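There are 2 protein chains.
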Amino acid sequence: MTNYSIKDIAEIAGVSVATVSRVINDNGRFSEETRKKVLKVIEETGYKMNYSAKNLRMNKSFTIGILVPDISNYFFSDVVQRLEEILFAKGYSTIICNTSRSSEKELAYLRILEGKGVDGLIVISGAEAFEFASSNAEKKIPYICIDREPKKKEDTIFISSNHYQGAFESTEELIHEGCQHPVIAMHNQKSTSAKERLKGFKDALKKNSIPFDQKQHLLAVDIEQSDFEENLLAFLKKNPSTDGIFSINDLIALELMRSLKKNQIAVPHKIKLIGFDDTAFGKYTTPSLSSVKQNADLIANYAVESLLELINKKGELGRQIIVPVSLVLRESSIS
Amino acid sequence: MTNYSIKDIAEIAGVSVATVSRVINDNGRFSEETRKKVLKVIEETGYKMNYSAKNLRMNKSFTIGILVPDISNYFFSDVVQRLEEILFAKGYSTIICNTSRSSEKELAYLRILEGKGVDGLIVISGAEAFEFASSNAEKKIPYICIDREPKKKEDTIFISSNHYQGAFESTEELIHEGCQHPVIAMHNQKSTSAKERLKGFKDALKKNSIPFDQKQHLLAVDIEQSDFEENLLAFLKKNPSTDGIFSINDLIALELMRSLKKNQIAVPHKIKLIGFDDTAFGKYTTPSLSSVKQNADLIANYAVESLLELINKKGELGRQIIVPVSLVLRESSIS
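In structure tokens form, the structure reads like this:
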């Protein structure tokens, strides 16, 4: 008897390897017709189903876990939505876990995803460097980090937008539009991407011979706090020559725009403004909001491609993939 | 020897039943201290661990599945975020599956969630009536529908916002503000909630002696299409007396506001506008957008409470819980 592989079975039945695996394990989606067809081929070829079924069951669930810190964040939910679509088209199902930026939750969900037997993991953003200590040393689960620095670079592939470029170009754009005292507005929580954006801002200042001074050039904000506007006005009082703000995200930019307007400080006439993320809403404000657009499609594509390579033991670990961003100019930053 | 139950063990150890189960199954989160404490009580009481562990493993995973049609939708992601927080605080983990409004995906994810052994299911929105045929007749998984009509009402508890009330009050508000020809703007996809909103709009017209005529009062829109603005202008040309629009969601309302502005049709002076969902962005536009606010907190609370009741075989099936909405008035609808 020829020794048929699962690949042969799939080829003869005219379905994917994933489908054969699902039929054998009775796990996931397939039509009754497909089931019959696959089982018929298995019978005809004498494929050693039981052993392979066990093997497959141990090794492949065709499920990928995603850890996301805040599913209500515009950019994160966009990336997750695309990841799911690409994975599904490739025969993988996605289970999403929302960690609410809590390390306790993250640990809990890591163990749960491990327990559910996911084949791989995609970790999105977060403040601390990511470490995944699999509780089962024999079966290490491959993982990919998006916008989140891995603790052990050699264990993973790190994908991120070029946050540095986005911040650098935004700041240069403000300067080219005539701003002599550009400011970066950011929250205190320093994620990997926030750090890169700050670096880009500082370097653009340096390139234009503006010495960075934290007190003059960094506006620390928290839009959740009621004293947001008060803080902004206090900062502007201390730094009356502020004429441009690069905001670390659109939500902060929109809140700044609203507060400035309310206090008769004209955008862009008195202060020019550029956000980050290019949320769906920036085009609806008056003035419309300039922003940095991340390429969620490309990020999701790279993430899936790299993870499937790692799962199939082909990918090169330790790599970093940096995806370019683009500046979308609207009314808020143009003279 | 007294026959101790898992509840007794939990009580003696001063932890929850869920924690005892997790320690026994070595599944999920607990500190080393908790583990020691629980195991000590088990030893002292002579609790029949093995049998119960098996039993628990068969019956309880302390995991809840959520099916959501579009995780990048503002309201859905808000509800999902809150569901996860409430469930986590009660000792349950949540796995989220995004169905991209596809019935094929929905079926696939239902089987996967079943395969992963979730204790219960929360189904959010969608166009068709929801039916869940468990593939294992012996172990029916309890489920809750949010904003999604169940096919078999007697199998579930149905929770939704009072979409009817939101639409009715918005339309009446437009009429009270002087609108004589209010219009409803909606997409073609008729979800459970969209149908209720249309009903509320029609009834408000009726109450104010305005006979509903589809051609005059219903503006069918699709913001994904490039002819959105063209359609709007064609509608206004045919119905020049249109002076108020109740929009089925904020995204459509914002797009309407932008197109109207672009064509020098003043909001609210010429046409008053009210949206639905009260997204974070409505307050940043000029004029700021009036909208209907759904109570995501209350919906999530009811959903978790009801689902845990069903899991513990206490809940009353066939019920419907309708959560009130509130009208947030801003500049776009006020004379």
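Sequences listed follow chains S and Z, in order. Quick note: the first sequence uses my numbering, first residue 1, plus one each step. Quick note: the second sequence uses my numbering, first residue 1001, plus one each step. The beta carbon of each residue, even a glycine, is placed where N, CA and C say it ideally should be. Source: prediction; values computed, not measured.
Does DSSP put S/S193 in a helix, in a strand, or in coil?
Looking at S/S193 - three-state DSSP - the assignment turns out to be helix.
Give a yes or no on whether 8 Å exceeds the smallest Cβ distance from Z/T1019 to chain S.
Among the residues facing chain S, Z/T1019 is not included, as its CB has no counterpart in that chain under 8 Å away.
Below 8 Å between beta carbons: does that hold for S/S93 and S/F62?
Taking C-beta atoms as the reference points, S/S93 and S/F62 count as a pair closer than 8 Å.
Is Z/Y1092 close to chain S, meaning its C-beta is less than 8 Å from at least one C-beta of that chain?
No, its Cβ sits nowhere closer than 8 Å to a Cβ of chain S.
Every unbroken beta strand (DSSP E) within the stretch 1243-1303 of chain Z, with a cutoff of 3 residues, ordered by chain:
With a minimum length of 3 residues, the continuous beta strand (DSSP E) runs that stay inside the stretch 1243-1303 of chain Z are 1244-1247, 1272-1276, 1290-1293.
Against Z/Q1417, what residues of chain S qualify as contacts under a CB-to-CB distance less than 8 Å, listed in chain order?
Because chain Z spans 1001 through 1335 in this model, residue 1417 of chain Z falls outside it and cannot be assessed.
Quick one: any contact between the stretch 269-281 of chain S and the stretch 247-260 of chain S, if contact means 3 or more CB pairs under 8 Å?
Yes, the stretch 269-281 of chain S touches the stretch 247-260 of chain S.
Along chain S, in chain order, which residues have C-beta atoms closer than 8 Å to that of Z/E1224?
Per Cβ cutoff of 8 Å: no residues; Z/E1224 is ~12 Å from chain S at best.
Applying a beta-carbon distance threshold of less than 8 Å, which residues of chain Z neighbour S/Y109?
Result: S1093.
One question on the structure: do S/I157 and S/V68 come within less than 8 Å of each other, judged by their Cβ atoms?
Cβ distance not < 8 Å, so S/I157 and S/V68 don't count as in contact.
Residues that DSSP places opposite Z/G1318 in a beta bridge:
Partner(s): none; Z/G1318 has no beta bridge.
Mind checking who Z/L1218 pairs with in its DSSP beta bridge?
Note: Z/L1218 sits in a beta bridge opposite Z/I1184.
Simplified DSSP assignment, three categories, for Z/F1235
Per DSSP, reduced to three states, the secondary structure at Z/F1235 is helical.
Endpoints, alpha helix (DSSP H) assigned at Z/V1038
Counting along the chain, the alpha helix (DSSP H) containing Z/V1038 begins and ends at 1032-1045.
Where does S/F75 fall in DSSP's three states?
Three-state DSSP puts S/F75 in a helix.
Go ahead and label S/S241 buried or exposed: buried means 16 or more other beta carbons lie within 10 angstroms of its beta carbon, across all protein chains shown.
That one is exposed.
Proximity winner among Z/G1126, Z/E1084, Z/A1266, Z/F1088, relative to Z/E1104 (alpha-carbon distances):
Shortest Cα-Cα distance from Z/E1104 to any of Z/G1126, Z/E1084, Z/A1266, Z/F1088 involves Z/G1126.
Just checking: is the beta-carbon of Z/L1273 within a distance shorter than 8 Å of some beta-carbon in chain S?
No, because no Cβ of chain S sits closer than 8 Å to the Cβ of Z/L1273.
So is Z/Q1320 buried or exposed if we call it buried at 16+ other beta carbons inside 10 Å?
By the 10 Å Cβ count, Z/Q1320 comes out exposed.
Count the other C-beta atoms from every protein chain shown that fall within 10 angstroms of the C-beta of S/P142, then say buried if there are 16 or more, exposed otherwise.
Sixteen is the threshold: when 16 or more other Cβ atoms of the shown chains lie within 10 Å of the Cβ of S/P142, as they do, the residue is buried.
In angstroms with no decimal places, state the Cα-to-Cα distance between S/G120 and Z/Q1189.
Using only the alpha carbons, I get a separation of about 35 Å.
If I'm right that S/S72 touches Z/S1326 with Cβ under 8 Å, what's the distance once you round it to whole angstroms?
Incorrect: roughly 20 Å between the Cβ atoms, too far for contact.
Examine chain Z for any beta-carbon lying closer than 8 Å to the beta-carbon of S/S77, and answer yes or no.
Nearest CB-CB separation between S/S77 and chain Z: below the 8 Å threshold.
So is Z/M1257 in contact with chain S if we call contact Cβ pairs under 8 Å?
Chain S contact via Cβ: present.
Classify Z/M1058: buried if its beta carbon has 16 or more other beta carbons within 10 angstroms, exposed otherwise.
Because Z/M1058 carries a pLDDT of 47, less than 50, the predicted location of this residue cannot be relied on, and the following value inherits that uncertainty. Per the 10 Å Cβ criterion, exposed.
Is the shortest distance between the beta-carbon of S/E128 and the beta-carbons of chain Z less than 8 Å?
Judged by the 8 Å Cβ criterion, S/E128 is not in contact with chain Z.
Consult DSSP for S/I223 and reduce its assignment to one of helix, strand or coil.
In the structure shown, the three-state DSSP call for S/I223 is coil.
Of all the CB atoms in chain S, is at least one closer than 8 Å to the CB of Z/F1132?
By this cut-off, Z/F1132 is not an interface position.
From the beta carbon of S/R29, is the nearest beta carbon of chain Z less than 8 Å away?
Judged by the 8 Å Cβ criterion, S/R29 is in contact with chain Z.
Cβ separation of S/Y284 and Z/F1281, assumed to be a contact under 8 Å, to the nearest whole Å:
Right, their Cβ atoms sit about 7 Å apart.
Local conformation of Z/L1056 per DSSP, three classes:
Any reading at Z/L1056 must be qualified, since the residue scores a pLDDT of 45, below 50, and its modelled position is unreliable; the value itself is stated next. Helix at Z/L1056.
Z/F1246: which of Z/I1265, Z/R1082, Z/D1227, Z/S1291 sits nearest, CA to CA?
Among Z/I1265, Z/R1082, Z/D1227, Z/S1291, the Cα nearest to that of Z/F1246 belongs to Z/S1291.
S/K37 versus S/E114: straight-line alpha-carbon distance, rounded:
S/K37 and S/E114: Cα-Cα distance of roughly 32 Å.
Can you check which of these residues, Z/I1012, Z/H1217, Z/L1205, Z/R1101, is closest to S/E84 by C-alpha distance?
Of the candidates Z/I1012, Z/H1217, Z/L1205, Z/R1101, the one whose C-alpha sits nearest the C-alpha of S/E84 is Z/R1101.
Along the alpha helix (DSSP H) that carries S/S103, what are the first and last residues, could you check?
First-last of the alpha helix (DSSP H) with S/S103: 103-115.
Own chain, CB closer than 6 Å to S/V20, minus 5 neighbours either side, in chain order:
If the five residues before and after S/V20 are omitted, its C-beta is found closer than 6 Å to the C-beta atoms of I6, I9, A10, V38, all from its own chain and listed in chain order.
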